[in-house]
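Single-structure report; data block below.
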Amino acid sequence: MAHFSRWAPVAGGILASLPISDALKGRKSLRCEAKQSLPVVVLGGGVMGLSTAWSLCRRGVKVELLDANHSEKGSWGETRIARVSYADPVMLRLARRSYELYEELKKEHREPLMCPTGCLDVGFDRRSLDGLAKTYEELGQSYERLSHRQVAERWPMLRLSDDYVEASVFCPAGDAVLASVVLEALKEQVQQLGGPAAYVESPVVSIDRAKKTVTTEDGKTIAYSKLVLAGGIWSNQILSLMGLPLLPLVTSVEQQTYYATPEGTEELFSAGKLPVVLEHNPSPEPEMKRRGGYMIPHVSNGVDGVKFGMHRQGPLMDHEDFPMVPGAFAAAQRYFACAGTRAERLWSQRWPEEEDSHLREETDAFARRILPDLSIEKSELTMRCPYDQHLYADEDFVVGVHPEDPDIIVVCGFAGEGFKFGPAIGEMAATLVTGDSFAVPESVQRFRLNRPSLLLLS
-17 MAHFSRWAPV
-7 AGGILASLPI
3 SDALKGRKSL
13 RCEAKQSLPV
23 VVLGGGVMGL
33 STAWSLCRRG
43 VKVELLDANH
53 SEKGSWGETR
63 IARVSYADPV
73 MLRLARRSYE
83 LYEELKKEHR
93 EPLMCPTGCL
103 DVGFDRRSLD
113 GLAKTYEELG
123 QSYERLSHRQ
133 VAERWPMLRL
143 SDDYVEASVF
153 CPAGDAVLAS
163 VVLEALKEQV
173 QQLGGPAAYV
183 ESPVVSIDRA
193 KKTVTTEDGK
203 TIAYSKLVLA
213 GGIWSNQILS
223 LMGLPLLPLV
233 TSVEQQTYYA
243 TPEGTEELFS
253 AGKLPVVLEH
263 NPSPEPEMKR
273 RGGYMIPHVS
283 NGVDGVKFGM
293 HRQGPLMDHE
303 DFPMVPGAFA
313 AAQRYFACAG
323 TRAERLWSQR
333 WPEEEDSHLR
343 EETDAFARRI
353 LPDLSIEKSE
363 LTMRCPYDQH
373 LYADEDFVVG
383 VHPEDPDIIV
393 VCGFAGEGFK
403 FGPAIGEMAA
413 TLVTGDSFAV
423 PESVQRFRLN
433 RPSLLLLS
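83 is the number that our numbering gives to position 101 of the sequence shown; each next residue is one higher, with no gaps.
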């Protein structure tokens, strides 16, 4: 197999690293010191909360992270995907920044956080793939266009369906993220830089914004200078606890299935032999938000089989634990792609425990389109993962200062994309606390909370 740089264009050249924030330049020690009288409180110990706490501690900010340790959460499991394959230039640059910060985290943790794979984008819509290639060209990102035959020659187990357009896009910058290892590395750094008090597992029972205090279930009251809400699917519940207006968030419960490999062939389906694969699916209706599928190869010493999942195709939660703003119910049925594929199975009033037959049918079909030699009828494991989706009139994340309280920063709306961007979003949230400039400044305006919503159009 020919060797390609993960970052440099194929024709040559080197991608210059983005500068480390001025807040870090010249610092001899990054140990967290109490330079302000009150800590920044971070609510949520998933990848976003931990990344925010890590970035703040590296800036010398005193931090106290509180995690409720919910069983229903997005940051868990074996593997996720890191990639730069975004047709949106801002998102691609943000993904690059996240990669840079992952490299810094790896230097501190001294263990691999990812398994390099490269990323192969396939699909039914040439325009979508052409848009991705165009952005790669504009930003000097290494990539290749591959025919079905070229894909099969490079990765013999991949045999792409004739239903796909012959315009696949491969980028060397793609990895299987070892999710639990990343969480442990971030937690380790937060506690090393901030001390044992920097990470506490304790649910919050009340938040007094007038007094700027948080009270935990064990009776501890913590005064804060700023508060970062990184609660994922629990964000609206916590905003309600604060007495702040809810955001246009909707919780879905997605499903991943690990398919068995034929006996004796597991190595052929591993991260060293296959790329991660993204499937570009057209939305059922033009006005609906995007959807797709993904495949993550088997990783060494990991769960048996090859992981498949569909993006934003799970049932939506109609439950008091995940409150929605007025109009969200109707807007979700109009603008979410799952409304066009799930029909009467769109909403769930309880946390699903059994296998979702619709999602299983979708991943079965996807697996047959790219890896027909898998044992499609036999699954090694099926698991569920919630998404915090939103009804803003765009595909951006939700990160910004709350319009009604300048001391509250909200970080949510990642809909399954958290581990790709965690370190970069954590850095962005930290700069909103400290007032430093951010490496991808356009995202600050784009991700703000007070922006157009689809609720006004429904």
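Positions of the beta carbon are idealized from the N, C-alpha and C atoms, including for glycine.
Residues of its chain near residue i, where Cβ-Cβ distance is below 8 Å and the 5 sequence neighbours each way are ignored
i           : result
residue 228 : 218, 221, 222, 305, 306, 307
residue 236 : 291, 292, 293, 294, 295, 296, 341, 366, 367, 368, 369, 398
residue 112 : 149
residue 344 : 275, 292, 295, 323
residue 95  : 84, 87, 88, 159, 160, 163, 164, 167
residue 19  : 207
residue 364 : 237, 238, 239, 240, 337, 342
residue 184 : 48, 49, 50, 198, 199, 200, 202
residue 282 : 97, 252, 253
Extent of the continuous beta strand (DSSP E) to which residue i belongs
i           : result
residue 372 : 357 to 372
residue 243 : First-last for residue 243: undefined, no H or E at that position.
residue 26  : First-last for residue 26: undefined, no H or E at that position.
residue 276 : 273 to 278
residue 194 : That residue, residue 194, is in no beta strand (DSSP E); it is neither H nor E in DSSP.
residue 203 : 203 to 205
Beta-carbon proximity list for residue i, same chain, < 6 Å, skipping 5 on both sides
i           : result
residue 167 : 87, 91
residue 210 : 24, 34, 391, 411
residue 197 : 187, 188, 203
residue 428 : 378
residue 17  : The predicted position of residue 17 is uncertain, since its pLDDT is 49 and thus under 50; a value taken from the coordinates is nonetheless stated next. So the qualifying residues of the chain are 42.
residue 263 : 273, 274
Supposed contact pair residue j and residue i - C-beta distance, whole angstroms, cut 8 Å
i           : j           : result
residue 401 : residue 158 : In fact, because the Cβ distance is near 10 Å, the residues do not count as touching under 8 Å.
residue 356 : residue 243 : 6 Å
residue 139 : residue 353 : 6 Å
residue 441 : residue 240 : In the structure as shown, the chain starts at -17 and stops at 440, and residue 441 therefore has no counterpart that could be examined.
residue 232 : residue 331 : Actually they are not in contact, since the Cβ atoms of residue 232 and residue 331 sit about 14 Å apart, beyond 8 Å.
residue 445 : residue 310 : Nothing about residue 445 can be read from this structure; the chain reaches only from -17 to 440.
Alpha-carbon to alpha-carbon, residue j and residue i
i           : j           : result
residue 252 : residue 375 : 38 Å
residue 31  : residue 380 : 14 Å
residue 339 : residue 195 : 45 Å
residue 361 : residue 431 : 40 Å
residue 135 : residue 249 : 17 Å
residue 199 : residue 190 : 14 Å
residue 75  : residue 63  : 16 Å
residue 69  : residue 206 : 39 Å
residue 39  : residue 171 : 9 Å
residue 27  : residue 132 : 43 Å
residue 21  : residue 415 : 11 Å
residue 230 : residue 314 : 10 Å
residue 387 : residue 245 : 58 Å
residue 349 : residue 155 : 23 Å
residue 433 : residue 394 : 14 Å
residue 435 : residue 373 : 6 Å
Residue i Cβ short of 8 Å to the ligand ZN heavy atom set
i           : result
residue 156 : Questions concerning the ligand ZN fall outside what the structure shown contains, since it holds no ligand whatsoever.
Extent of the continuous alpha helix (DSSP H) to which residue i belongs
i           : result
residue 112 : 108 to 120
residue 384 : First-last for residue 384: 380 to 384, but that is the beta strand (DSSP E), not the alpha helix (DSSP H).
residue 73  : 71 to 91
residue 352 : 339 to 352
Beta carbon proximity, residue i to chain B, threshold 9 Å
i           : result
residue 251 : Of the protein chains in this structure there is only one, and it is not chain B.
Residues near residue i in its chain [Cβ-Cβ closer than 7 Å; skip 5 each side]
i           : result
residue 408 : 30, 33, 34, 36, 37
residue 173 : 180, 181
residue 266 : 319, 322, 323
Can you confirm whether the segment 334 to 342 touches the segment 115 to 133 when touching is taken to mean that 3 or more C-beta pairs between the two stretches lie within less than 8 Å? no
Contact between the segment 30 to 48 and the segment 166 to 183 is defined here as three or more beta-carbon pairs at a separation below 8 Å; is this criterion met? yes
Please confirm if the segment 314 to 327 is in contact with the segment 265 to 274, defined as three or more CB-CB distances below 8 Å between the two stretches. yes
Should the segment 51 to 61 be called in touch with the segment 146 to 154, which here means at least 3 C-beta pairs below 8 Å? no
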